[in-house]
Amino acid sequence: MDETLLKSIGNEGRKNIVQKFNVEKMCFSTYSEYKRLLN
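Residues in the sequence shown are numbered from 3 upward in steps of one, following our numbering.
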């Protein structure tokens with residue numbers, strides 16, 4: 003694979019991670035889980 007393709011794959015992977023694992027979503031998920039456990 004050439005360097006351009008590898009950089010493109012890396013950038014797409016990074017965007018995917020940022021979308022799925024941002025701090026706001028992780029905090030909401032944790033809050034929801036605690037709320038579920040306490041009720």
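Built from N, CA and C at the ideal position, the CB exists for glycine as well.
Please read all numbers here as calculations on a predicted model, not as lab measurements.
Through-space distance from residue j to residue i, alpha-carbon basis
i          : j          : result
residue 12 : residue 40 : 40 Å
residue 30 : residue 10 : 31 Å
residue 33 : residue 21 : 19 Å
residue 14 : residue 38 : 34 Å
residue 18 : residue 26 : 15 Å
residue 4  : residue 16 : 19 Å
Boundaries (first-last residue) of the alpha helix (DSSP H) holding residue i
i          : result
residue 18 : 5-22
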